[in-house]
Structure formats: C-alpha cells, structure tokens
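A quick write-up on the structure given underneath.
Residue numbers (the working numbering): 64 to 242.
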C-alpha cells in the first residue's frame, strides 16, 4: 500500500483551493435581481385599452445614450407599427428613480393629451420597484396608484410629485393618470 505524505504548506494550499472553488460553485442566498441599467426609456401609448384595461402600448425603446435617443427610437417604432402614420408624441408622464426628479427612467407619450379618462398603465416590475418621483404634462395633473401588496386603488395625487413618500416610494405597480 502506498503512503501519501503532504507537507503543511501543501495542505494549506489545497484547503485554500477547495475553499475558493466552493465559494464559486455554491450560490448565495436568493435575492431580487437589481434593476438592469436600461438607461432612459420611452413608451408610446394609445387611448385604446387592452383586455386588462391598460392603455395599449404602441412601442417601447430604451437607450443608455440619452432620453432623446430613447424617445426617437420609440416614436420611430410606433410610426412603423402604424404603417407610416406618425403618432404625436406629447409627453404625458415621466417617472424618475430618485426623488426631486433625478435620474429619468421612463417617459410615457401619446397622440392625445390627458382628459378625464386619462391613461392607465401597469409599471414594468423593474420600473415600479424603482419609482421615487413623477411629473405629469399635457393635462396629466392627477394620478391614482395601485400598490404591489393589495392591488387596490388609493388616493388621488396631484402631479408633479417630487417624492412619492414612504409608502409609495418604489411601490407603484399601476398608475392611472388624468386631468
């Protein structure tokens, strides 16, 4: 029978190598994925509603270059989707990841300004979990939020809102905005 002998240095090196392999191979505790860095995004909406009652999305585009680049890409895609008929691009709502309108995340545009029926959208999960302030434009002066916890509508908020508050910060699942 062959006898193996290892020096303390070899044992330490082998132990260190095995420990580093197990650290790489074993996953850590599960956690929510961080928001991907999409940059700024623009979503072109229609007054028409989908089966869930949300405003139909005609196009969406994101850009890490600039908000203007995302806007140009989204409106071009909506124009192609509508057979060359360009939808007007009135800015209706802007959502920011930080308070005080810092870090523009999503801009929602449409052909028609807000009226009493307004527009409704379900935020993309990666957006709704990162909304801290909002601005409305072109008649979008009020908003009703729905949260992730109980899916019920809550108070009407006047737009703009420079900080959504402790409860609504990073917790806006659905938003209905109107005048």
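C-beta: ideal position from N, C-alpha, C; glycine also.
Please read these numbers as outputs of a predicted model, since none were measured by experiment.
Pairing residue 223 with residue 199 gives a Cβ-Cβ distance under 8 angstroms. In its chain, beyond the 5 residues on either side, 159 have a beta carbon closer than 7 angstroms to the beta carbon of residue 165. Here residue 192 has 233 as same chain residues with Cβ atoms under 6 angstroms from its own Cβ, once five neighbours each way along the sequence are excluded.
Around the Cβ of residue 230, a 10 Å sphere holds fewer than 16 other Cβ atoms; the residue is exposed. Assigned with DSSP and collapsed to three states, residue 228 falls in helix. Excluding residues up to 5 positions away in sequence, 117 and 237 lie with their Cβ nearer than 6 angstroms to the Cβ of residue 185 in the same chain. In the DSSP secondary-structure assignment, residue 126 is bridged to 103. Around residue 145, the same chain offers 121 as residues with beta carbons nearer than 8 angstroms, after the five sequence neighbours per side are excluded. Rounded to whole angstroms, the Cβ separation of residue 137 and residue 123 is 6 angstroms, and the two are in contact under 8 angstroms. Taken through DSSP and simplified to helix, strand or coil, residue 182 comes out as strand.
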